[in-house]
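Notes follow the structure.
Number of protein chains: 2
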Amino acid sequence: MSEVRVIQIHESIFAENDRTAERIRERMEKQGTLFLNVMSSPGSGKTTTLVAVINRLKDKLNIGEMDVDIQSSLDAQRVADLTGIRALQIHNGGLCHIDADMTARALLEYDTAGLDLLILENIGNLVCPAEFDTGAHKNVTILSVPEGDDKPLKYPLMYQVSDVVLINKMDTVAYFDFDLEKARERILALNPNALIFPISAKTGEGIDAVCSWILAETERVKRGA
Amino acid sequence: MSEVRVIQIHESIFAENDRTAERIRERMEKQGTLFLNVMSSPGSGKTTTLVAVINRLKDKLNIGEMDVDIQSSLDAQRVADLTGIRALQIHNGGLCHIDADMTARALLEYDTAGLDLLILENIGNLVCPAEFDTGAHKNVTILSVPEGDDKPLKYPLMYQVSDVVLINKMDTVAYFDFDLEKARERILALNPNALIFPISAKTGEGIDAVCSWILAETERVKRGA
Chain G
1 MSEVRVIQIH
11 ESIFAENDRT
21 AERIRERMEK
31 QGTLFLNVMS
41 SPGSGKTTTL
51 VAVINRLKDK
61 LNIGEMDVDI
71 QSSLDAQRVA
81 DLTGIRALQI
91 HNGGLCHIDA
101 DMTARALLEY
111 DTAGLDLLIL
121 ENIGNLVCPA
131 EFDTGAHKNV
141 TILSVPEGDD
151 KPLKYPLMYQ
161 VSDVVLINKM
171 DTVAYFDFDL
181 EKARERILAL
191 NPNALIFPIS
201 AKTGEGIDAV
211 CSWILAETER
221 VKRGA
Chain Z
1001 MSEVRVIQIH
1011 ESIFAENDRT
1021 AERIRERMEK
1031 QGTLFLNVMS
1041 SPGSGKTTTL
1051 VAVINRLKDK
1061 LNIGEMDVDI
1071 QSSLDAQRVA
1081 DLTGIRALQI
1091 HNGGLCHIDA
1101 DMTARALLEY
1111 DTAGLDLLIL
1121 ENIGNLVCPA
1131 EFDTGAHKNV
1141 TILSVPEGDD
1151 KPLKYPLMYQ
1161 VSDVVLINKM
1171 DTVAYFDFDL
1181 EKARERILAL
1191 NPNALIFPIS
1201 AKTGEGIDAV
1211 CSWILAETER
1221 VKRGA
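In order, the protein sequences belong to chains G and Z. Take the first sequence: its position 113, counting from 1, is numbered 113 in my numbering, and each next residue is one higher. If you want my numbering, it's the position in the second sequence, counting the first as 1, plus 1000.
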């Protein structure tokens, strides 16, 4: 009987989370802010990619960034130092994800009024973050070449919930057994609507295409579409 | 009050897990089997490293392997195909870890009597697997060069609980900003007793040193030390 009770708590947490996430999205739409949730394995280049994207877009858009880590503040500091934008570090106390309630609490500390774009850099993990709606409009996953083209087969939920997949570290593709076409097929088998951008945050390859997509999405949020 | 109850359930899960883990270790010691738990990010080369190690040791040791994934059976199949040893795939149903109870259930399906070495390939994740004692004698973590030398700063618990850290993909170190000395210092600051082996599972660099360590540990378990 106590097991049943635990399962009910679990379900109600997910249902409550979805309601909170929906309220966050509504608030962001009302104020004309596109909200992106960026997920990946540890070390696939989330921060480096975000720095490259923000530096190309910061003259066109008013951008904010919230960064989740277990206990360090390296990433938010790096984003702030390298782009000059305002970044908030969220310490999630050892959890493997951030949910909508945690996002809502972070939004109490971080003023997003007037932002065209709010980016949430999620914790490095391919399992837990996929399970929780954060209230973002779009989920973006980064898969880096050294991780291998089999990751969609092994972490399917992450790819099912991601609207955009960035395939990063393309500058190193000659040194690894990574088949871009296989990766593409595996992602599209899980999510036929996924947009896939091969990029290198280090060399800048493909970053313009990502920025064009973000600009189009910010326009769409502002139009209320 | 319901929150307090949930916290108690959580604590009792951990306490119960530790007891089960201790029982697994005792059983393994009794039968003279060294039990290793191998953890890392997705794509850092767990399976490739294990294949390299097993192929060098399989004439000297009787080796078994259990592989945890969310729903695919790629890794156990790959280990079995490439080494010829008996491998078991454990599907953990979307969780981000394997605990001692799950290990105990897997041991009901997988006969380990007569094994000198049992390897558990944990799920690719730097957060959750660090929290659960699986019953292994030693925890081994793989950090791959493309992930960056800052991972110990960002996922400290993983390095605190790991007896051995393999720094993999050393053959690609020229293409990434990875400082081996910094990585070493950061790991040792968290765990002064950690053994650190730079390796390349692809080229074979450093694999002999890892095998020597495993052979010494199997001897120690057999001696009951």
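Think of the CB as a built atom: it goes at the ideal place given N, C-alpha and C, for glycine as much as any other residue.
Pop quiz: THR1134 of chain Z and THR1103 of chain Z are said to be a contact at Cβ under 8 Å. What is the actual Cβ separation, rounded to whole angstroms? For the purposes of this step, residue 1134 of chain Z is identified with residue 134 of the second sequence, where counting begins at 1. For the purposes of this step, residue 1103 of chain Z is identified with residue 103 of the second sequence, where counting begins at 1. 5 Å between Cβ atoms; contact.
DSSP beta-bridge partners for SER1040 of chain Z? Translated into positions along the second sequence, residue 1040 of chain Z becomes position 40. The partner list for SER1040 of chain Z (beta bridge, DSSP) reads Z:GLY1124, Z:ILE1142.
Beta carbon of VAL1145 of chain Z nearer than 7 Å to that of VAL1127 of chain Z: Stepping through the second sequence from its first residue, residue 1145 of chain Z is reached at position 145. Stepping through the second sequence from its first residue, residue 1127 of chain Z is reached at position 127. No, these two residues do not count as a Cβ contact at 7 Å.
Run down chain G in chain order and give the residues with a C-beta less than 7 Å from the C-beta of THR1020 of chain Z. Here residue 1020 of chain Z refers to the residue found at position 20 when the second sequence is read from its first residue. Under the 7 Å cutoff, chain G gives no residues; its nearest Cβ is about 17 Å from THR1020 of chain Z.
Identify the continuous beta strand (DSSP E) that holds GLU1065 of chain Z and give its terminal residues. Here residue 1065 of chain Z is taken as the residue at index 65 of the second sequence, counted from 1. 1063-1069 is the extent of the beta strand (DSSP E) around GLU1065 of chain Z.
Distance, Cα to Cα, PHE1014 of chain Z vs ALA1087 of chain Z? By 1-based counting over the second sequence, the position of residue 1014 of chain Z is 14. By 1-based counting over the second sequence, the position of residue 1087 of chain Z is 87. Roughly 28 Å between the two C-alpha positions.
How big is the Cα-Cα spacing for GLY1093 of chain Z and GLN1071 of chain Z? Numbered from its first residue, the second sequence carries residue 1093 of chain Z at position 93. Numbered from its first residue, the second sequence carries residue 1071 of chain Z at position 71. Looking at the two C-alpha atoms, the distance is approximately 7 Å.
Given GLY45 of chain G as reference, the closest of Z:ARG1019, Z:ASP1150, Z:VAL1221 once Cα atoms are compared: Here residue 45 of chain G refers to the residue found at position 45 when the first sequence is read from its first residue. Among Z:ARG1019, Z:ASP1150, Z:VAL1221, the Cα nearest to that of GLY45 of chain G belongs to Z:ASP1150.
What does the alpha-carbon distance come out to for the pair LEU1152 of chain Z and TYR1159 of chain Z? As a position in the second sequence, residue 1152 of chain Z is number 152, starting the count at 1. As a position in the second sequence, residue 1159 of chain Z is number 159, starting the count at 1. Just to set this straight, residue 1152 of chain Z is Pro in the shown sequence, not Leu. If you take the alpha carbons of PRO1152 of chain Z and TYR1159 of chain Z, they lie about 6 Å apart.
How about LEU82 of chain G and VAL51 of chain G: are their beta carbons less than 7 Å apart? As a working note, residue 82 of chain G is residue 82 in the first sequence. As a working note, residue 51 of chain G is residue 51 in the first sequence. Yes, the pair counts as a contact, with Cβ atoms nearer than the cut-off.
Would you say GLY1114 of chain Z faces chain G, with C-beta separation under 7 Å as the test? Taking the second sequence and counting its residues from 1, the one referred to as residue 1114 of chain Z is at position 114. Output row for GLY1114 of chain Z: interface = no.
With distances taken between CB atoms, is the gap from ALA201 of chain G to THR48 of chain G smaller than 7 Å? Working through the first sequence from its first residue, we reach residue 201 of chain G at position 201. Working through the first sequence from its first residue, we reach residue 48 of chain G at position 48. Yes, the pair counts as a contact, with Cβ atoms nearer than the cut-off.
Could you spell out where the alpha helix (DSSP H) holding PRO1156 of chain Z opens and where it closes? The count along the second sequence starts at 1 and reaches residue 1156 of chain Z at position 156. Its alpha helix (DSSP H) spans residues 1156-1160.
Just to confirm, is the Cβ distance from SER221 of chain G to GLU121 of chain G under 7 Å? Here the question's residue 221 of chain G lines up with position 221 in the first sequence. Here the question's residue 121 of chain G lines up with position 121 in the first sequence. Residue 221 of chain G is actually Val in this sequence, not Ser. No. Outside cutoff.
Roughly how many whole angstroms lie between the Cα atoms of SER162 of chain G and VAL1079 of chain Z? Residue numbering aside, residue 162 of chain G sits at position 162 when the first sequence is read from its first letter. Residue numbering aside, residue 1079 of chain Z sits at position 79 when the second sequence is read from its first letter. Going from the Cα of SER162 of chain G to the Cα of VAL1079 of chain Z covers about 30 Å.
Hey, would you say ILE1116 of chain Z sits closer than 7 Å to LEU1061 of chain Z, going by beta carbons? One-based indexing of the second sequence puts residue 1116 of chain Z at position 116. One-based indexing of the second sequence puts residue 1061 of chain Z at position 61. It should be noted that the sequence gives Asp, not Ile, for residue 1116 of chain Z. Yes; because the gap between Cβ atoms is below 7 Å, this pair is in contact.
Is any beta-carbon of chain G found at less than 7 Å from that of LEU1190 of chain Z? On the second sequence, position 190 is the one that residue 1190 of chain Z refers to. Closer than 7 Å: no.
Quick check on the burial criterion: 16 or more other C-beta atoms within 10 angstroms. Buried or exposed for THR33 of chain G? What you label residue 33 of chain G is simply residue 33 of the first sequence in a count that begins at 1. Buried.
Whole-Å CB distance - HIS137 of chain G paired with ARG23 of chain G, under 8 Å assumed: As a working mapping, residue 137 of chain G is identified with position 137 in the first sequence. As a working mapping, residue 23 of chain G is identified with position 23 in the first sequence. Between ARG23 of chain G and HIS137 of chain G the Cβ distance is about 13 Å, and since that is not below 8 Å, they are no contact.
For chain Z, is any of its Cβ atoms less than 7 Å away from the one on VAL4 of chain G? Residue numbering aside, residue 4 of chain G sits at position 4 when the first sequence is read from its first letter. Interpretation of VAL4 of chain G is limited by its pLDDT of 42, a score under 50 that renders its predicted location unreliable; the figure taken from the coordinates is listed afterwards. Taking Cβ atoms only, chain Z never reaches closer than 7 Å to VAL4 of chain G, which makes this a no.
In the DSSP assignment, find the beta strand (DSSP E) that holds GLN89 of chain G and state where it starts and stops. Taking the first sequence and counting its residues from 1, the one referred to as residue 89 of chain G is at position 89. Looking at the DSSP string, the run of the beta strand (DSSP E) that includes GLN89 of chain G is 87-91.
Same chain, Cβ closer than 7 Å to SER41 of chain G, neighbours up to 5 away in sequence not counted: As a first step, residue 41 of chain G is located in the first sequence; it is residue number 41 there, counting from the start. Cβ neighbours of SER41 of chain G beyond the five flanking positions: GLY124, LEU126, GLU147.
Smallest Cα separation from ASP208 of chain G: which of G:ASP67, G:ASN193, G:GLU29, G:LEU57? Taking the first sequence and counting its residues from 1, the one referred to as residue 208 of chain G is at position 208. Minimum Cα distance to ASP208 of chain G is reached at G:LEU57.
Using a Cβ-Cβ distance cut-off of 7 Å, determine whether VAL1127 of chain Z contacts chain G. Reading the second sequence from its first residue, position 127 is the one you call residue 1127 of chain Z. Yes, its Cβ sits closer than 7 Å to a Cβ of chain G.
Going by other Cβ atoms of all chains shown within 10 Å of its Cβ, with 16 needed for buried, is GLU1219 of chain Z buried or exposed? Translated into positions along the second sequence, residue 1219 of chain Z becomes position 219. That one is exposed.
Determine the closest residue to ALA106 of chain G out of G:ILE90, G:PRO198, G:ILE187, with distance taken between C-alpha atoms. Taking the first residue of the first sequence as position 1, residue 106 of chain G is located at position 106. Ranking the options by Cα distance to ALA106 of chain G, first place goes to G:ILE90.
Decide if ARG1186 of chain Z is buried, meaning its Cβ has at least 16 other Cβ atoms within 10 Å, or exposed. Walking along the second sequence from the start, residue 1186 of chain Z turns up at place 186. ARG1186 of chain Z comes out buried.
Could you spell out where the beta strand (DSSP E) holding VAL164 of chain G opens and where it closes? The sequence position of residue 164 of chain G within the first sequence is 164, counting from 1. From DSSP, the beta strand (DSSP E) with VAL164 of chain G extends over 164-168.
Are the CB atoms of PHE1197 of chain Z and ASN1017 of chain Z nearer to each other than 7 Å? In the second sequence, residue 1197 of chain Z corresponds to position 197, counting from 1. In the second sequence, residue 1017 of chain Z corresponds to position 17, counting from 1. Going by C-beta atoms, PHE1197 of chain Z is not nearer than 7 Å to ASN1017 of chain Z.
Could you tell me whether any Cβ in chain Z is nearer than 7 Å to the Cβ of TYR175 of chain G? Looking up residue 175 of chain G in the first sequence gives position 175. Taking Cβ atoms only, chain Z reaches closer than 7 Å to TYR175 of chain G, which makes this a yes.
Apart from the five residues on each side of it in sequence, which residues of its chain come closer than 6 Å, Cβ to Cβ, to PRO1129 of chain Z? Mapped onto the second sequence, residue 1129 of chain Z falls at position 129. Result list for PRO1129 of chain Z: MET1039, HIS1097, ASN1122, in chain order.
Below-7 Å beta-carbon distance, GLY1032 of chain Z vs any chain G residue: As a working mapping, residue 1032 of chain Z is identified with position 32 in the second sequence. No, its Cβ sits nowhere closer than 7 Å to a Cβ of chain G.
ASP171 of chain G and THR203 of chain G closer than 7 Å at C-beta: On the first sequence, position 171 is the one that residue 171 of chain G refers to. On the first sequence, position 203 is the one that residue 203 of chain G refers to. In contact: ASP171 of chain G and THR203 of chain G (Cβ atoms closer than 7 Å).
Determine, using beta carbons only, whether ALA1100 of chain Z and ALA1021 of chain Z come nearer to each other than 7 Å. Your numbering for residue 1100 of chain Z matches position 100 in the second sequence. Your numbering for residue 1021 of chain Z matches position 21 in the second sequence. Yes, these two residues count as a Cβ contact at 7 Å.
Presumed contact (8 Å Cβ cut-off) between LEU118 of chain G and GLY84 of chain G, rounded CB distance: Counting from one through the first sequence, the residue named residue 118 of chain G turns up at place 118. Counting from one through the first sequence, the residue named residue 84 of chain G turns up at place 84. Not a contact, Cβ separation roughly 16 Å.
Grouping DSSP H, G and I as helix and E and B as strand, with all else coil, what is ILE1196 of chain Z? As a position in the second sequence, residue 1196 of chain Z is number 196, starting the count at 1. In this structure, ILE1196 of chain Z counts as strand in the three-state DSSP scheme.
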